[in-house]
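Enquirer: My questions will all concern the structure given below.
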Amino acid sequence: MFPFLQPNHSAADEYVLSFITLLIRVGGLKKKEALSSLQSLANMPIVSTYQEMKKFAFDVGILAIFGHLECSYKEMLKHNYNIVDKGYNFFPMNLPGTSYHRALMARKRLKTTVSEIIRERREKSILKTDFLGHLLDVKDDKGRVLTQEQIADNIIGVLFAAQDTTASCLTWILKYLHDNQKLLEAVKDEQRAIYEENSREKKSLTWGQTRNMPLTHKVILESLRMASIISFTFREAVDDVEYKGYLIPKGWKVMPLFRNIHHNPKYFSNPEVFDPSRFEVNPKPNTFMPFGSGVHACPGNELAKIQILIYLHHLISKFRWEVVGGEEGIEYGPFPIPRNGLLATFRQHSL
0 MFPFLQPNHS
10 AADEYVLSFI
20 TLLIRVGGLK
30 KKEALSSLQS
40 LANMPIVSTY
50 QEMKKFAFDV
60 GILAIFGHLE
70 CSYKEMLKHN
80 YNIVDKGYNF
90 FPMNLPGTSY
100 HRALMARKRL
110 KTTVSEIIRE
120 RREKSILKTD
130 FLGHLLDVKD
140 DKGRVLTQEQ
150 IADNIIGVLF
160 AAQDTTASCL
170 TWILKYLHDN
180 QKLLEAVKDE
190 QRAIYEENSR
200 EKKSLTWGQT
210 RNMPLTHKVI
220 LESLRMASII
230 SFTFREAVDD
240 VEYKGYLIPK
250 GWKVMPLFRN
260 IHHNPKYFSN
270 PEVFDPSRFE
280 VNPKPNTFMP
290 FGSGVHACPG
300 NELAKIQILI
310 YLHHLISKFR
320 WEVVGGEEGI
330 EYGPFPIPRN
340 GLLATFRQHS
350 L
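Quick note: the sequence shown uses numbering that gives the first Met the number 0, first residue 0, plus one each step.
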């Protein structure tokens, strides 16, 4: 997710994680991004939920990384991001005219644009508390600052890391809630209490309130388990390992299949049933890994969850949605999403 060029970057990883925590606590994700996204949904007859969630995740990612960015820079980033997004999962044939080649060229242009933003901020000594500002300040254990190339690589990694996964998770949540109206009403009750409190006191959603949404939080966890958006990962055996009579030699690659684990009745009873109450008790270690596991787990998982909580609060408080067509099935591109991206209509209303 954060592709530093130097082999030892654990200190920088820790700084990235600490910044994400700070960003969440100081309200780095503003409600206007969520409301703007939702308002645009209400103005269209039928939308692909997944595609609209991707737009929201991209805008929030830009805000978290750069703060308020010039429109020209934002449009360049969005244009090239979309090209990379369409081509990175194609067969890696680097020939002119192929989607993969276009994605590689767009990736270079992304890096050029990000480098221009970094250079401009350094030359003007602009101080900001966004992700870029923190990367400009971070030093390794030898007191060395990150190079411009390292910073650009990290920013591009962050920009891509949360888009598809966050959008996929939000899309599945809306489907599961739509298919479970009784559960949806219970979530509405939880969000209504917060909405009414804030309306009386004329205040915005707070960090503390996002930590006090137990049912909504369990819905997110169960959606991550059911959809298993990150289906697998790769690990390398650092020593010879014997497992159930099989020898895994040092250096061999191991591919844990998270979907198989998340849908194993040994760990989750009735695994094909959507039941958030199962998370009233913490799962056993290494049985629930929606963001990976161990030192290589995604450091942006808390940012993703808070982003989803904020979006759901405003969606459920001010809008309602209906799924159109009712087609069942899953598409992979590469992450699992409901067929056609979950076609739906959104209409504004009040709790």
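Don't be surprised by glycine CBs; every beta carbon is placed ideally from N, CA and C.
Distance check for K141 and P333, CA to CA, integer angstroms please.
Expert: Those two C-alpha atoms are separated by around 39 angstroms.
Enquirer: Check whether the Cβ of F334 lies closer than 7 angstroms to any heavy atom of the ligand HEM, and answer yes or no.
Expert: Judged by which ligands are present, the structure shown has none, so any question about the ligand HEM falls away.
Enquirer: For V25, collect the residues of the same chain with a Cβ closer than 7 angstroms to its Cβ; drop the 5 residues on either side in sequence, then sort them by chain order.
Expert: Any answer about V25 is weak, because its pLDDT of 47 lies below 50 and its placement is not dependable; what the coordinates show is given next. Here the set comprises nothing.
Enquirer: Please look up how many angstroms separate the CB atoms of L158 and I309, rounded, as I've assumed it's under 8 angstroms.
Expert: Contact doesn't hold; Cβ gap of about 19 angstroms is too wide.
Enquirer: Let's see if you can read the secondary structure: which residues bound the alpha helix (DSSP H) around T170?
Expert: That run of the alpha helix (DSSP H) goes Q162 to D178.
Enquirer: Going by DSSP, name the residue or residues bridged to A343.
Expert: DSSP lists V46 and V322 as partners of A343.
Enquirer: For Y245, name the three-state secondary structure that DSSP assigns.
Expert: It is a strand residue.
Enquirer: When the Cβ atoms of the region 254-266 are set against those of the region 215-228, are three or more pairs found closer than 8 angstroms?
Expert: Flag = yes, the region 254-266 and the region 215-228 touch.
Enquirer: Leaving out five residues before and five after F278 in sequence, what residues of the same chain have Cβ atoms less than 7 angstroms from its Cβ?
Expert: K217, L220 and E221, listed in sequence order.
Enquirer: Residue ranges of each alpha helix (DSSP H) run of no fewer than 4 residues wholly in the region 61-108, ordered along the chain?
Expert: The qualifying runs are 70-86.
Enquirer: What residue ranges within the region 173-258 form continuous alpha helix (DSSP H) runs of no fewer than 4 residues, ordered along the chain?
Expert: Counting only runs of 4 or more, we get 180-200, 206-209 and 213-226.
Enquirer: Which same chain residues end up closer than 7 angstroms to L314 when comparing Cβ atoms and leaving out the 5 residues on each side of it in sequence?
Expert: The residues are L37.
Enquirer: Between K110 and I155, is the Cβ-Cβ spacing less than 8 angstroms?
Expert: Their beta carbons are under 8 angstroms apart, which means K110 touches I155 by this criterion.
Enquirer: If we ignore side chains and look at the alpha-carbon of each, how far apart do H312 and P270 end up?
Expert: So the two alpha carbons sit approximately 27 angstroms from each other.
Enquirer: Could you check what DSSP says for P275 in three-state terms: helix, strand or coil?
Expert: Helix at P275.
Enquirer: If you run the structure through DSSP and keep just helix, strand and coil, what is K317?
Expert: K317: helix per DSSP, three-state reduction.
Enquirer: I need the boundaries of the alpha helix (DSSP H) containing H133, first residue and last residue.
Expert: Element bounds for H133: F130 to D136.
Enquirer: Am I right that F273 and N179 are in contact with their C-beta atoms under 8 angstroms? What's the rounded C-beta distance?
Expert: Between N179 and F273 the Cβ distance is about 6 angstroms, and since that is below 8 angstroms, they are a contact.
Enquirer: Could you check which residue in N153, I116, T165 and E148 has the C-alpha nearest to that of C57?
Expert: Correcting the residue identity first, residue 57 is Phe in this sequence and not Cys. For the residues N153, I116, T165 and E148, the minimum Cα distance to F57 belongs to T165.
Enquirer: Let's see if you can read the secondary structure: which residues bound the beta strand (DSSP E) around Y331?
Expert: Y331 -> beta strand (DSSP E) spans I329 to Y331.
Enquirer: Using DSSP bridges, identify the partner residues of V144.
Expert: Answer by DSSP bridge pairing, in chain order: K138.
Enquirer: Can you name, in chain order, every residue of its own chain whose Cβ lies under 6 angstroms from the Cβ of F345, other than the five neighbours on each side?
Expert: L40, A41, F318 and W320, listed in sequence order.
Enquirer: Which residues in the same chain as F89 place their Cβ atom closer than 6 angstroms to its Cβ, once the five residues preceding and following it in sequence are excluded?
Expert: Excluding sequence neighbours, F89 sits near S98 and Y99.
Enquirer: Pull the bridge partners of I336 from the DSSP assignment, please.
Expert: Its beta-bridge partners are E330.
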